[in-house]
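Since the structure comes first, as structure tokens, the remarks are kept for the end.
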Amino acid sequence: MSLEVKVPAVGESITEVTIAQWLKKDGDRVEMDEVIAELESDKATFELPAEAAGILRIVAQEGDTIDVGATICRIEQNGEAGSAPAAPAAKEETAAPAAQESAPAAAQGTGETVEMRVPTVGESITEVTIASWLKNEGDHVEMDEVIAELESDKATFELPAEAAGTLQIVAQQGDTVEIGGLLCRIVAGAGAGASKPAAQPSAPAAQQASQPAAAAPSGAQTYASGTPSPAAGKILSEKGINPADVQGTGRDGRITKEDAMGAQKSAAQPAAAPAAKQETAAQAPAAGDRNQRREKMSSLRKTVARRLVQVKNETAMLTTFNEVDMKPIMDIRAKYKDKFKEKHEVGLGFMSFFTKACTVALQEWPAVNAMIDGNDMVFNDFCDISIAVSSPKGLVVPVIRNAEQLTLDGIEKEVIRLAKKARDGKLSIEEMTGGTFTITNGGVFGSMMSTPIINAPQSAILGMHNIVQRPVAVNGQVEIRPMMYLALSYDHRIIDGRESVSFLVRVKELLEDPMRLLLGV
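Each residue of the sequence shown is one higher than the last, beginning at 280 in my numbering.
And the structure:
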């Protein structure tokens with residue numbers, strides 16, 4: 280039976296691709312999920328895996344541009360490799376490796392191979408990045424043992440083994456894989472290292488050299504370190520740069536298109552004559568190190584960047600300011616913080632006062648707690664407060680559910696719990712979705728004033744800043760008071776100026792007279 284392999288859909292705006300390179304030749308035998316070609320679009324280079332095991336029959340040639348959905352090759356599933364006659368010497372040379380390739384299968388016995396794919400982790404998540412493999416290729420894993428950590432644009436989560444057996448890694452650390460994409464295989468029932476055939480002491484050197492290739496999993500295409508992709512090779516050739524002078528950041532150290540584009544300055548410097556370098560060094564003092572370092576953006580940071588730009592472009596964002604005298608709250612904290620911690624086992628911080636004040640004001644000005652959905656305005660009679668937290672992997676915004684029902688100690692406990700999970704990278708998707716209003720505190724980093732960007736699809740965000748001792752007029756007298764600037768950024772499409780200013784004034788009143796929070800007035 281012949282299976283037609285068609286160009287897959289790789290993006291909404293991509294209608295055609297170019298065949299950059301065939302990694303297998305016409306008539307070669309290919310395995311299921313083995314990478315057989317590299318395709319290029321106007322945005323990226325991606326790999327084409329075989330959809331079945333069999334004999335490859337190439338239809339479109341290297342350099343051809345074909346439409347998405349068009350047939351690129353066929354795979355004869357019942358065919359045998361070597362349909363073209365081969366020289367007897369070649370047969371003799373390949374006989375020993377072929378025997379060695381069958382050795383792992385014999386060692387594994389009749390164990391079933393379990394394919395592990397990227398699970399569905401959320402409605403809006405279409406791909407994940409492999410943050411780290413916790414087990415190595417060929418290791419024995421147990422059922423439900425965590426073998427990898429995956430990152431989406433919202434959270435980091437663990438990947439448990441779906442069976443016990445020997446691990447065969449397909450997607451490498453740092454790769455971005457779509458939901459449903461193949462991550463690894465587990466040869467169920469196989470012992471540790473069963474997929475790696477041991478070298479026989481009496482085997483010829485040629486057979487020993489062939490063993491690593493036989494042990495490699497069929498779905499993982501490997502490259503020699505420093506090998507450029509077709510697009511990267513073209514760029515380096517145009518620049519006259521030797522690929523050996525470029526550090527590859529792709530899988531197995533492969534040089535990507537981005538590496539080639541950024542290699543111009545760093546690779547061009549060694550081309551200068553040694554004599555010229557010596558003369559320059561003698562004439563001018565050392566200017567210090569001028570090294571550059573390039574890192575790939577994480578999925579989380581790429582998503583944050585995309586959403587922030589989207590908010591700036593799609594909302595009528597405006598910011599209003601006010602200032603708060605923090606002396607009343609600071610007096611309360613100084614007087615009761617020890618008793619508060621003794622009773623509730625948590626410190627009394629500023630965030631609980633601000634969160635509580637915002638929930639009161641949000642219920643009085645519901646438009647600030649609302650959001651736009653198409654042509655509708657969605658109003659919420661509950662307050663799910665998002666708290667912006669700076670984590671090692673980037674900005675995350677966990678949510679305090681029904682904050683209007685919590686006491687000060689309840690809010691403090693939630694803030695501490697969520698902040699700790701954010702620092703440890705253990706926040707779940709549910710803990711970061713569904714907020715109705717956001718509070719961000721740039722004051723912890725020393726910010727005096729800022730215009731925070733709305734956390735879509737919400738309509739407003741409150742920015743806290745640092746507390747500064749400033750002279751202010753109090754009852755006709757100049758006094759030195761601890762003052763903080765507050766900033767409310769809001770979507771003017773749904774929140775009018777009267778509502779935004781009145782909301783911020785109400786928050787100011789509640790913070791400057793905390794007794795109102797207790798009395799509800």
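Glycine included, C-beta positions come from ideal geometry on N, C-alpha and C.
All values reported here derive from a predicted model rather than from experimental measurement.
**Asked** Can you tell which of Pro507, Ile759, Thr730 has its C-alpha closest to the C-alpha of Ser768?
**Response** As a working note, residue 768 is residue 489 in the sequence shown. Taking only the C-alpha atoms, the option nearest Ser768 is Thr730.
**Prompt:** Counting only runs that start and end within the segment 623–676, where is the alpha helix (DSSP H) found for 4 or more residues in a row?
**Reply:** 629–643
**Message:** Could you tell me the alpha carbon to alpha carbon distance between Val314 and Asp343, rounded to whole angstroms?
**Reply:** In the sequence shown, counting from the first residue as 1, residue 314 sits at position 35. In the sequence shown, counting from the first residue as 1, residue 343 sits at position 64. Roughly 18 Å between the two C-alpha positions.
**Prompt:** Ser411: buried (16+ other C-beta within 10 angstroms of its C-beta) or exposed?
**Reply:** As a first step, residue 411 is located in the sequence shown; it is residue number 132 there, counting from the start. Per the 10 Å Cβ criterion, exposed.
**Message:** In the DSSP assignment, the alpha helix (DSSP H) including Glu693 goes from what residue to what residue?
**Reply:** The residue given as residue 693 occupies position 414 in the sequence shown. Per DSSP, Glu693 belongs to the alpha helix (DSSP H) from 687–703.
**Prompt:** Roughly how many whole angstroms lie between the Cα atoms of Ile773 and Ala646?
**Reply:** Stepping through the sequence shown from its first residue, residue 773 is reached at position 494. Stepping through the sequence shown from its first residue, residue 646 is reached at position 367. Their backbone Cα atoms lie some 7 Å apart in a straight line.
**Message:** Taking 8 Å as the limit between beta carbons, can you name the residues of its chain near Asp663, skipping five residues before and five after?
**Reply:** Position 384 of the sequence shown, counting from 1, holds the residue named residue 663. Contacts found: Val678, Ile679, Arg680, Asn681, Ala682, Gly713, Gly714, Thr715, Phe716.
**Assigned secondary structure, Leu302 (DSSP; H/G/I helix, E/B strand, else coil)** = One-based indexing of the sequence shown puts residue 302 at position 23. Leu302 falls in the coil class under three-state DSSP.
**Request:** Report all residues from its chain with a CB closer than 6 Å to the CB of Val751; omit the five preceding and five following residues, and keep chain order.
**Result:** For the purposes of this step, residue 751 is taken as the residue at position 472 of the sequence shown. Excluding residues within five positions, the ones whose Cβ falls inside 6 Å are Arg760.
**Message:** As a quick exercise: from Ile448, Asp454, Met422, Lys672, pick the residue whose alpha carbon is nearest that of Pro439.
**Reply:** Numbered from 1 along the sequence shown, position 160 holds the residue referred to as residue 439. Looking at the Cα atoms, Met422 is the closest of the given residues.
**Request:** Name the two residues that bound the continuous alpha helix (DSSP H) containing Glu778.
**Result:** Counting from one through the sequence shown, the residue named residue 778 turns up at place 499. First-last of the alpha helix (DSSP H) with Glu778: 776–791.
**Item:** Residue from Asp307, Lys304, Leu302, Val347 with nearest C-alpha to Glu295
**Value:** Looking up residue 295 in the sequence shown gives position 16. Taking only the C-alpha atoms, the option nearest Glu295 is Val347.
**Asked** Among Ser665, Asp617, Asp652, Phe658, which has the Cα closest to the Cα of Thr634?
**Response** One-based indexing of the sequence shown puts residue 634 at position 355. Answer by Cα proximity: Ser665.
**Item:** Buried or exposed (CB count within 10 angstroms, at least 16 for buried), Asp610
**Value:** The count along the sequence shown starts at 1 and reaches residue 610 at position 331. It counts as exposed.
**Prompt:** For the candidate residues Val286, Lys616, Glu457, Lys787, whose alpha-carbon lies nearest to that of Met395?
**Reply:** Within the sequence shown, residue 395 is the residue found at index 116, counting from 1. Considering only alpha carbons, the answer is Glu457.
**Asked** Going along the chain, which residues of its own chain have a beta-carbon closer than 7 Å to the beta-carbon of Pro483, five neighbours each way excluded?
**Response** If you number the sequence shown from 1, residue 483 lands on position 204. Confidence in Pro483 is poor, its pLDDT being 40 and thus under 50, which makes the residue's placement unreliable; the coordinate value appears in the next sentence. If we look at Pro483 and ignore the five residues flanking it on each side, it has no Cβ neighbours.
**Request:** Under the assumption that Ile354 contacts Leu282 (Cβ atoms under 8 Å), give the Cβ distance between them as a whole number of angstroms.
**Result:** Locating residue 354 in the sequence shown gives position 75, where the first residue counts as 1. Locating residue 282 in the sequence shown gives position 3, where the first residue counts as 1. Between Leu282 and Ile354 the Cβ distance is about 5 Å, and since that is below 8 Å, they are a contact.
**Request:** Assign Pro522 to one of three DSSP states: helix, strand, or coil.
**Result:** Mapped onto the sequence shown, residue 522 falls at position 243. DSSP places Pro522 in helix when its eight states are reduced to three.
**Extent of the continuous beta strand (DSSP E) run through Met762** = Walking along the sequence shown from the start, residue 762 turns up at place 483. Counting along the chain, the beta strand (DSSP E) containing Met762 begins and ends at 756–770.
**Request:** For Met576, name the three-state secondary structure that DSSP assigns.
**Result:** The residue you call residue 576 lines up with position 297 of the sequence shown. Coil.
**Request:** Provide the residue span of the beta strand (DSSP E) that contains Leu446, from first to last.
**Result:** For the purposes of this step, residue 446 is taken as the residue at position 167 of the sequence shown. 444–448 is the extent of the beta strand (DSSP E) around Leu446.
**Request:** Keeping to the same chain, check which residues put their C-beta closer than 7 Å to that of Gln300; ignore five residues upstream and five downstream.
**Result:** Position 21 of the sequence shown, counting from 1, holds the residue named residue 300. Correct list, in chain order: Ala316, Glu317, Glu341, Pro509.
**Message:** Going by DSSP, what residue range makes up the alpha helix (DSSP H) through Met794?
**Reply:** Along the sequence shown, read from residue 1 onward, the residue named residue 794 stands at position 515. 794–798 is the extent of the alpha helix (DSSP H) around Met794.
**Asked** Just to confirm, are Thr599 and Val780 a CB contact at a threshold of 7 Å?
**Response** Against the sequence shown, residue 599 aligns to sequence position 320. Against the sequence shown, residue 780 aligns to sequence position 501. Thr599 is a Cβ neighbour of Val780, given a cutoff of 7 Å.
**Request:** Check the DSSP bridge columns for Met395 and list the partner residues they point to.
**Result:** For the purposes of this step, residue 395 is taken as the residue at position 116 of the sequence shown. Answer is Cys463, bridged to Met395.
**Message:** Taking a contact to mean a Cβ-Cβ separation below 7 Å, would you say Glu326 touches Val284 in this structure?
**Reply:** In the sequence shown, residue 326 corresponds to position 47, counting from 1. In the sequence shown, residue 284 corresponds to position 5, counting from 1. No, Cβ-Cβ distance for Glu326 and Val284 is not below 7 Å.
**Item:** Opening and closing residue of the beta strand (DSSP E) in which Arg353 lies
**Value:** Within the sequence shown, numbered from 1, the residue matching residue 353 stands at position 74. Per DSSP, Arg353 belongs to the beta strand (DSSP E) from 350–355.
**Request:** Give the secondary structure of Gln387 by DSSP, where H, G and I count as helix, E and B as strand, and everything else as coil.
**Result:** Looking up residue 387 in the sequence shown gives position 108. Caution applies to Gln387, whose pLDDT of 42 falls short of 50 and renders its modelled position unreliable; the model cannot decide the point.
**Request:** Kindly indicate which residue of Gln571, Glu430, Met656 has the alpha-carbon position closest to the one of His771.
**Result:** As a first step, residue 771 must be located in the sequence shown, where it is residue number 492. It is Met656 whose Cα lies nearest to the Cα of His771.
**Request:** Could you please give me the residues that DSSP links to Ala332 through a beta bridge?
**Result:** Sequence index remark: in the sequence shown, residue 332 carries index 53 (1-based). Partner(s): none; Ala332 has no beta bridge.
**Asked** Under a three-way DSSP split, which group does Ile611 fall into?
**Response** Indexing the sequence shown from 1 puts residue 611 at position 332. Ile611 falls in the helix class under three-state DSSP.
**Message:** Do Val694 and Met743 count as a contact pair if the criterion is CB distance below 7 Å?
**Reply:** Here the question's residue 743 lines up with position 464 in the sequence shown. Here the question's residue 694 lines up with position 415 in the sequence shown. For the pair Met743 and Val694, the CB atoms are not nearer than the 7 Å cut-off.
**Message:** Less than 7 Å between the C-beta atoms of Val588 and Met763, yes or no?
**Reply:** The sequence position of residue 588 within the sequence shown is 309, counting from 1. The sequence position of residue 763 within the sequence shown is 484, counting from 1. Taking 7 Å as the Cβ cut-off, Val588 and Met763 do not qualify as a contacting pair.
**Request:** Spatial neighbours of Thr506 within its chain, please: CB distance less than 6 Å, with the 5 preceding and 5 following residues excluded, ordered by chain position.
**Result:** What you label residue 506 is simply residue 227 of the sequence shown in a count that begins at 1. Hits under 6 Å: Arg533.
**Request:** Could you tell me if Gln684 is buried or exposed, where buried requires 16 or more neighbouring beta carbons within 10 angstroms of its beta carbon?
**Result:** For the purposes of this step, residue 684 is identified with residue 405 of the sequence shown, where counting begins at 1. So Gln684 counts as exposed.
**Prompt:** If we count the other Cβ atoms within 10 Å of its Cβ and call it buried at 16 or more, is Asn754 buried or exposed?
**Reply:** The residue given as residue 754 occupies position 475 in the sequence shown. Looking at its Cβ environment, which holds fewer than 16 other Cβ atoms inside 10 Å, Asn754 is exposed.
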